[in-house]
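Going by the working numbering, 453 is the number at position 453 of the sequence shown; the sequence numbering is gapless. We put the CB at the ideal spot given by N, CA and C, even for glycine.
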Amino acid sequence: MNTSDFSIRHIGINEDSLQIILKELKTETVQELIEQTLPKDILGQDKLNLPKALSEYDMLLLSKNLAGKNKVFSSYIGFGYSGTITPSPILRNIFENPGWYTAYTPYQAEISQGRLEALLNFQTVISDLTGFSLTNASLLDEGTAAAEALHMLYEARNKSKKDSNKFFVSEEVYPQTIAVVKTKAMGLGIEIVVGSHQEFTFDSSFFGALLQYPAKHGEIFDYSDFISQAKDGFIRTVLAADILALAVLKNPAELGADVAIGSTQRFGVPLGFGGPSAAYFACKDEFKRSIPGRIIGVSKDKHGNRALRMSLQTREQHIKREKATSNICTAQVLLAVMAGMYAVYHGSEGLKSIASDIHLKAILLKEHLSSIGFNVSEEPFFDTIKIYVTEEDKTELKKLFEALQINLNYFSQGIVSISLDETVSDERFAILLSLFLKFKNTEFKKLSAPIEPNIPDNLIRNSDFLTHEVFKKYHTETEFMRYVKRLEKKDIALNYSMISLGSCTMKLNAATEMLPLSWMEWNAIHPFVPKDQSEGYLTMLSELETYLAEITGFAGTSLQPNSGAQGEYAGLMVIREYLKAKGEGHRNIALIPQSAHGTNPASAVMAGLKVIVVKNLDNGEFDIEDLKQKAELHKDHLAAVMITYPSTYGFFDTNVKEIIAIVHQAGGQVYMDGANMNAQVAYTSPGYIGADVCHLNLHKTFAIPHGGGGPGIGPICVAEHLLPYLPTIKAPHNEENRLSFSSSPYGSAMVATISYAYIRMLGYEGLKKATATAILNANYLKEKLASHYEILYTNKHGRVGHELIVDFRPFKNLGIEVGDIAKRLMDYGFHAPTVSFPVAGTLMIEPTESESLEELNRFAEALISIKQEIDEIADGTYTIEDCVIKNAPHTLEELTSNEWHHSYSRQKAAYPLNWIAEKKFWTSVGKIDDAFGDRNLICTCNPIEDYEN
Numbered sequence: 001m002n003t004s005d006f007s008i009r010h011i012g013i014n015e016d017s018l019q020i021i022l023k024e025l026k027t028e029t030v031q032e033l034i035e036q037t038l039p040k041d042i043l044g045q046d047k048l049n050l051p052k053a054l055s056e057y058d059m060l061l062l063s064k065n066l067a068g069k070n071k072v073f074s075s076y077i078g079f080g081y082s083g084t085i086t087p088s089p090i091l092r093n094i095f096e097n098p099g100w101y102t103a104y105t106p107y108q109a110e111i112s113q114g115r116l117e118a119l120l121n122f123q124t125v126i127s128d129l130t131g132f133s134l135t136n137a138s139l140l141d142e143g144t145a146a147a148e149a150l151h152m153l154y155e156a157r158n159k160s161k162k163d164s165n166k167f168f169v170s171e172e173v174y175p176q177t178i179a180v181v182k183t184k185a186m187g188l189g190i191e192i193v194v195g196s197h198q199e200f201t202f203d204s205s206f207f208g209a210l211l212q213y214p215a216k217h218g219e220i221f222d223y224s225d226f227i228s229q230a231k232d233g234f235i236r237t238v239l240a241a242d243i244l245a246l247a248v249l250k251n252p253a254e255l256g257a258d259v260a261i262g263s264t265q266r267f268g269v270p271l272g273f274g275g276p277s278a279a280y281f282a283c284k285d286e287f288k289r290s291i292p293g294r295i296i297g298v299s300k301d302k303h304g305n306r307a308l309r310m311s312l313q314t315r316e317q318h319i320k321r322e323k324a325t326s327n328i329c330t331a332q333v334l335l336a337v338m339a340g341m342y343a344v345y346h347g348s349e350g351l352k353s354i355a356s357d358i359h360l361k362a363i364l365l366k367e368h369l370s371s372i373g374f375n376v377s378e379e380p381f382f383d384t385i386k387i388y389v390t391e392e393d394k395t396e397l398k399k400l401f402e403a404l405q406i407n408l409n410y411f412s413q414g415i416v417s418i419s420l421d422e423t424v425s426d427e428r429f430a431i432l433l434s435l436f437l438k439f440k441n442t443e444f445k446k447l448s449a450p451i452e453p454n455i456p457d458n459l460i461r462n463s464d465f466l467t468h469e470v471f472k473k474y475h476t477e478t479e480f481m482r483y484v485k486r487l488e489k490k491d492i493a494l495n496y497s498m499i500s501l502g503s504c505t506m507k508l509n510a511a512t513e514m515l516p517l518s519w520m521e522w523n524a525i526h527p528f529v530p531k532d533q534s535e536g537y538l539t540m541l542s543e544l545e546t547y548l549a550e551i552t553g554f555a556g557t558s559l560q561p562n563s564g565a566q567g568e569y570a571g572l573m574v575i576r577e578y579l580k581a582k583g584e585g586h587r588n589i590a591l592i593p594q595s596a597h598g599t600n601p602a603s604a605v606m607a608g609l610k611v612i613v614v615k616n617l618d619n620g621e622f623d624i625e626d627l628k629q630k631a632e633l634h635k636d637h638l639a640a641v642m643i644t645y646p647s648t649y650g651f652f653d654t655n656v657k658e659i660i661a662i663v664h665q666a667g668g669q670v671y672m673d674g675a676n677m678n679a680q681v682a683y684t685s686p687g688y689i690g691a692d693v694c695h696l697n698l699h700k701t702f703a704i705p706h707g708g709g710g711p712g713i714g715p716i717c718v719a720e721h722l723l724p725y726l727p728t729i730k731a732p733h734n735e736e737n738r739l740s741f742s743s744s745p746y747g748s749a750m751v752a753t754i755s756y757a758y759i760r761m762l763g764y765e766g767l768k769k770a771t772a773t774a775i776l777n778a779n780y781l782k783e784k785l786a787s788h789y790e791i792l793y794t795n796k797h798g799r800v801g802h803e804l805i806v807d808f809r810p811f812k813n814l815g816i817e818v819g820d821i822a823k824r825l826m827d828y829g830f831h832a833p834t835v836s837f838p839v840a841g842t843l844m845i846e847p848t849e850s851e852s853l854e855e856l857n858r859f860a861e862a863l864i865s866i867k868q869e870i871d872e873i874a875d876g877t878y879t880i881e882d883c884v885i886k887n888a889p890h891t892l893e894e895l896t897s898n899e900w901h902h903s904y905s906r907q908k909a910a911y912p913l914n915w916i917a918e919k920k921f922w923t924s925v926g927k928i929d930d931a932f933g934d935r936n937l938i939c940t941c942n943p944i945e946d947y948e949n
């Protein structure tokens, strides 16, 4: 065994296990299985042109070498990104902890109570600071949050505004936010009007407005009159507010706004060349049915104990499909947890102290600059000083400051601005001031007057925030560390057991891939630094783009979309721009099969396309005749078909090339959803098959951890004819941009280092082996389970792709739902596979390549044991009212209580198989009452007893 070969660490099946699996599958070789699984006409792609695989040690050396090419300057650029201090207990216990970063989205609430509490903390922070009672558990970034607000308010227009399609954006909004909002408006047919909020003329053609608070160059404007006039005209307002500034500024709700959005990057989240960081979205309660993203709410379990869950899940947009008003199906959970914990660690007084210290340092700098002759803006500000300069002086200032590794903001004509943050120590402040003194060739002089805050009295915050005890108890590292550990122990993550979620590809997130994220050379780079300061990033990102294009068989890549759903939307917008350039902008129909990924129709709507559903046959295959009819019917307006391949039903349609030919012949483009790319890599590719564009979920196939529901990256790869329409890369974004999908030029750039390392360490042979093993493991589980359950879709050889669908609908007549099976699996120590998607009443299982034969067998044994428990209900041994399945999950409190009222034993409830005792996971709550949580929507930290009356 070559111990330096990363593939033996990443892939869970060794040679001995492989022979056992092949025997079970009745095949001689892996290649034979592949030929029985993938259609013959899509196999045969040439060997990928990728670098030779690196050992883990060599990968760390390469990462260090690339990191060394980044220059870590002191950046006072601002524009929505600030230097921040990640408290070491958060860095060590959350950011670097697989118990937090390898968890899945908390759909199975009983085994996600730790994450859910951390997210409830986050929501409470946002609610308290913005003044709104309703907030979600994070969005992707500030730009996309603004775009989501635009769409929500557009759909929620007052009856008198149904013909209004203009949205005002203040010129004081960050330019990258404006660019993302403009892109969103293009797909929806909304007209964006950018101008001065002080000169804006209100009229009936407008339905909404976006303002920045404080403004992009730091001014604190009193928007009260603007918002009041807007309200009189039924125009709703969005305030993009600096979350740290809200510790000392009057909150958006008090100003009268309808929505507040922004970034929480300032709360201990590294810069990371622009991402990932959690955006926030808070609004009035009237929008609770249309707010995008996920809401964590308070409910109770079957014992009456307080329990948390994701509330109002039926309003999640990928469930609504083509009726969606958003395509958001993920969040930035790991970053939201960090931001929420930053507030827990510091508390209200700590946040006020940090904000006040920054503000007073900014005032001090402003007074010194004024005293030595700089023309400084006299507008009130929080942390950013605006200096009016000639272009000649700007050039000289830039030269002087960059020589001492300091970045200021030089992006606006005739202006230099300096944004301070919590990293500005007294020493760094002195260096900053000394350079301005040097520029003016003058000596330091003490100021004659004492320094006072310059926030207007009517904009000073007087309301309390973070009064709940969680923000008061954990300010010592000892107590904080224990609190975080208590929460972690309430969750199942990949460091505990297999998470076999179909379409979600929960594979190993290797430590070697993750370690560099903690290095300052990667995580402390502002996204808008000059190119010569980010050479390591630009080299890594460029190479990753090339590798992904090679793997997908396409001509180019954009890494900008920062989630899979954003990638879908970006790919469709690229297609639309291409069609417009051809003079075919009228093409607005998207054909989407029933077997497509759930976000596909939602993304099509976001891109301004009309969705026409194509049928699937009973065996799961694409209905070619239905496609032909609809392609012919809509050939004059057909823009695209969206295909998930292999399909969400878990196998490869044999007629995929015919599908592509039909759509191309009708004048449409072919979009391939990359959610299931783990079954393609190195054996075939979207480009080889004949598609025009695909997105990739780097948090699936390419090993970025799910982080409890995010971060993700959803880059798009395109054929050569679409290259001119990819998102443009500017720093910051400006009017030259055609399309922009995230606030930073490269989206969530920092975590792209993970996928880069994944590809470099596996190389072509390792990637090919990973794909083969994913298919191997799925077919092994299929064989193990097929004699106990019905497997819904297989190809003519009886094979599945990299996932399989197990049907639990036959047990519905016994009173057993698939959700009951999900809860019972918790008693066996497993997170449930994907429930009721894409077929209601089923589990979709994807074991990935990283699991061992022992873990596959344990999972199969658990499901087989559950089948025996079902049989015991069918034969009358136990009633449906009093059986282990219906009462699952069983808590330790329940099992150790003095009274036991069930006909089955405590051992049967807790330890149905011998090996469980060694691996037992106890849920902290029993089965949760979902309906109660939706009827009593509470999304902040107050205990439910406070509201029951």
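Proximity winner among the options, relative to residue i (alpha-carbon distances)
i	options	result
Y388	Y410, C329 and Q198	Y410
F207	N165, D232, E171 and A247	N165
E172	T183, L211 and F202	L211
D871	F811, S924, D930 and P912	F811
P745	T390, R266 and L559	L559
L638	Y645, K628, T728 and R760	K628
N80	H368, G218 and T183	Note that residue 80 is Gly in the sequence shown here, rather than Asn. Checked all of H368, G218 and T183; the closest Cα to G80 is G218.
H924	A247, R306, Y645 and A240	Rather than His, the amino acid found at residue 924 in this sequence is Ser. Looking at the Cα atoms, R306 is the closest of the given residues.
P527	D653, P270 and H634	P270
L572	E469, L726 and P646	L726
H368	A909, S356, G347 and E443	E443
Expected contact under 8 Å - CB spacing of residue i and residue j to nearest Å
i	j	result
I328	Y76	Not really, about 32 Å apart at Cβ, beyond 8 Å.
Q45	G553	7 Å
DSSP state of residue i mapped onto helix, strand, coil
i	result
Y569	helix
I363	helix
R315	With a pLDDT of 48 at R315, under the threshold of 50, the modelled position of that residue is not reliable, and no figure is offered here.
Y388	strand
N779	helix
E219	strand
P450	coil
Y904	coil
M826	helix
A156	coil
A596	coil
Residue i and residue j closer than 7 Å at C-beta
i	j	result
S106	L116	For the sequence presented, residue 106 should be read as Pro rather than Ser. Yes. Within cutoff.
K284	D301	no
L950	A145	The first residue shown for the chain is 1 and the last is 949, placing residue 950 beyond what the model contains.
I385	K366	yes
A549	C694	no
D58	S743	no
S55	S4	yes
S82	R236	no
A103	D491	yes
F651	G841	no
A339	A247	no
Identified DSSP bridge partners for residue i
i	result
R482	Per DSSP, none; premise fails for R482.
R306	K300
C329	Partner(s): none; C329 has no beta bridge.
N409	S417
M844	I805 and T834
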